[in-house]
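A.B. asks: Here you go, one structure.
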């Protein structure tokens with residue numbers, strides 16, 4: 004009997020179909036990122052996606068594993084990682100990040116479904132730690148400037164309309180809340196994700212802002228926090244990763260609440276204006292514990308029959 008990696012979910016859709024749906028859902032924000040930041044953003048996407056595909060192919064060939072790049076999971080990882088890169092970063096940053104995401108985070112732990120954290124997020128955190136100067140250099144219209152979240156954290160004013168439509172600085176794929184939510188709706192309608200993780204994440208983050216943000220119930224401030232940074236990208240596309248989220252519905256809600264609170268802690272009390280990546284990574288790490296305490300208990304079980312002496316039961 005061949006037993007595949009968890010999660011074991013019966014579904015009509017194949018892994019390839021699911022990944023293609025995710026790619027289609029990411030395309031509106033990715034295309035807008037290229038429009039917003041120029042041809043250099045496209046180069047980042049092409050280099051990062053190509054590196055992820057080639058890294059997985061070479062690893063499979065060297066280790067004599069079945070080549071599975073046709074499932075498009077490496078494309079999804081590369082696209083997500085590229086969308087988390089600043090356009091001003093050197094082009095080789097995508098090569099290093101793509102290699103780390105596929106080889107270190109994904110393949111060394113057994114491949115698709117067996118990685119303990121989201122590969123794209125793991126690579127982004129690795130790049131943030133290793134190359135903070137490049138990963139925090141944000142430009143818009145050729146001018147280096149602070150992101151809207153950084154301006155908001157320093158007490159400045161930001162334009163909510165620009166944040167919703169994406170006419171701001173930031174990483175390639177995180178600036179347009181409109182296109183990210185559109186992509187999330189595509190995945191929901193296609194049945195690729197549900198709202199357990201996403202809704203609990205966003206709602207718990209809002210509650211945290213109201214209680215601990217220092218501004219009370221300020222709809223404009225809350226809307227800016229939701230529209231800024233990678234919250235929508237994380238809530239719809241990365242926190243919902245099948246392999247690194249809990250399997251149970253109750254566990255997914257707890258997981259969403261946890262990363263929502265941690266995002267609030269990082270954004271409000273941390274030195275950085277952002278915190279989505281680290282919050283989701285921490286959520287990935289506590290997923291086994293969440294699953295342990297939320298797995299449904301069986302109604303009963305059959306007690307094994309002890310054998311008597313002489314070999315008779």
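Numbering (the numbering used here), first residue to last: 4 to 316. Every residue gets a Cβ at the ideal spot worked out from N, C-alpha and C, and that includes glycine. In this text, all values refer to a predicted model and were calculated from it rather than measured experimentally.
Nearest to residue 254 by alpha carbon, out of 94, 296 and 29?
C.D. replies: Looking up residue 254 in the chain shown gives position 251. Closest option to residue 254, Cα to Cα, is 296.
A.B. asks: Going by alpha carbons, who is nearest to residue 250 out of 275, 289, 17 and 207?
C.D. replies: Position 247 of the chain shown holds residue 250. Of 275, 289, 17 and 207, the residue nearest in Cα terms is 289.
A.B. asks: Which stretch, first to last residue, makes up the alpha helix (DSSP H) that contains residue 39?
C.D. replies: Locating residue 39 in the chain shown gives position 36, counting from the first residue. Element bounds for residue 39: 18-40.
A.B. asks: Shortest alpha-carbon distance to residue 248 belongs to which of 278, 122, 155 and 26?
C.D. replies: As a first step, residue 248 must be located in the chain shown, where it is residue number 245. If we check each option's Cα against that of residue 248, 122 comes out closest.
A.B. asks: Label residue 244 either buried or exposed according to how many other C-beta atoms from any shown protein chain fall within 10 Å of its C-beta, with 16 as the threshold for buried.
C.D. replies: One-based indexing of the chain shown puts residue 244 at position 241. Classification of residue 244: buried, given that the 10 Å Cβ count is 16 or more.
A.B. asks: With distances taken between CB atoms, is the gap from residue 238 to residue 199 smaller than 7 Å?
C.D. replies: What you label residue 238 is simply residue 235 of the chain shown in a count that begins at 1. What you label residue 199 is simply residue 196 of the chain shown in a count that begins at 1. Going by C-beta atoms, residue 238 is not nearer than 7 Å to residue 199.
A.B. asks: Looking at the structure shown, is residue 61 part of a helix, part of a strand, or coil, going by DSSP?
C.D. replies: By one-based count along the chain shown, residue 61 stands at place 58. Here residue 61 sits in helix by DSSP.
A.B. asks: Report the option in 261, 214 and 96 whose CA atom is closest to the CA atom of residue 271.
C.D. replies: As a working note, residue 271 is residue 268 in the chain shown. Ranking 261, 214 and 96 by Cα distance to residue 271 puts 214 first.
A.B. asks: Where residue 78 and residue 26 are concerned, what is the direct C-alpha to C-alpha distance, given to the nearest angstrom?
C.D. replies: In the chain shown, counting from the first residue as 1, residue 78 sits at position 75. In the chain shown, counting from the first residue as 1, residue 26 sits at position 23. Computed Cα separation, rounded: 8 Å.
A.B. asks: Can you look up residue 203 in the DSSP assignment and give me helix, strand or coil?
C.D. replies: In the chain shown, counting from the first residue as 1, residue 203 sits at position 200. In this structure, residue 203 counts as helix in the three-state DSSP scheme.
A.B. asks: Fully enclosed by the segment 96-157, which alpha helix (DSSP H) runs are 4 residues long or longer?
C.D. replies: Complete alpha helix (DSSP H) runs here, min 4: 122-133, 135-138 and 151-156.
A.B. asks: Consult DSSP for residue 174 and reduce its assignment to one of helix, strand or coil.
C.D. replies: The residue you call residue 174 lines up with position 171 of the chain shown. Of the three classes helix, strand and coil, the one that applies to residue 174 here is strand, per DSSP.
A.B. asks: Alpha carbons only, please: which of 211, 48 and 232 is nearest the one belonging to residue 151?
C.D. replies: Locating residue 151 in the chain shown gives position 148, where the first residue counts as 1. Measuring from the Cα of residue 151, the nearest candidate turns out to be 232.
A.B. asks: For the segment 106-115 and the segment 66-82, state whether three or more C-beta atom pairs, one from each stretch, are separated by less than 8 Å.
C.D. replies: Yes, the segment 106-115 is in contact with the segment 66-82.
A.B. asks: Contact defined as beta carbons within less than 8 Å: I believe residue 22 pairs with residue 76. What is the distance between those atoms, to the nearest angstrom?
C.D. replies: Translated into the one-based positions of the chain shown, residue 22 becomes position 19. Translated into the one-based positions of the chain shown, residue 76 becomes position 73. So it is a contact: roughly 5 Å between Cβ atoms.
A.B. asks: Within the continuous alpha helix (DSSP H) that includes residue 246, where are the two ends?
C.D. replies: Residue numbering aside, residue 246 sits at position 243 when the chain shown is read from its first letter. Here residue 246 belongs to no alpha helix (DSSP H), and DSSP marks it neither H nor E.
A.B. asks: Skipping 5 residues on each side, what residues in its chain have a beta carbon closer than 7 Å to that of residue 19?
C.D. replies: Residue mapping note: residue 19 aligns to position 16 of the chain shown, counting from 1. Closer than 7 Å at the Cβ level, and outside the excluded window around residue 19, lie 73, 74 and 75.
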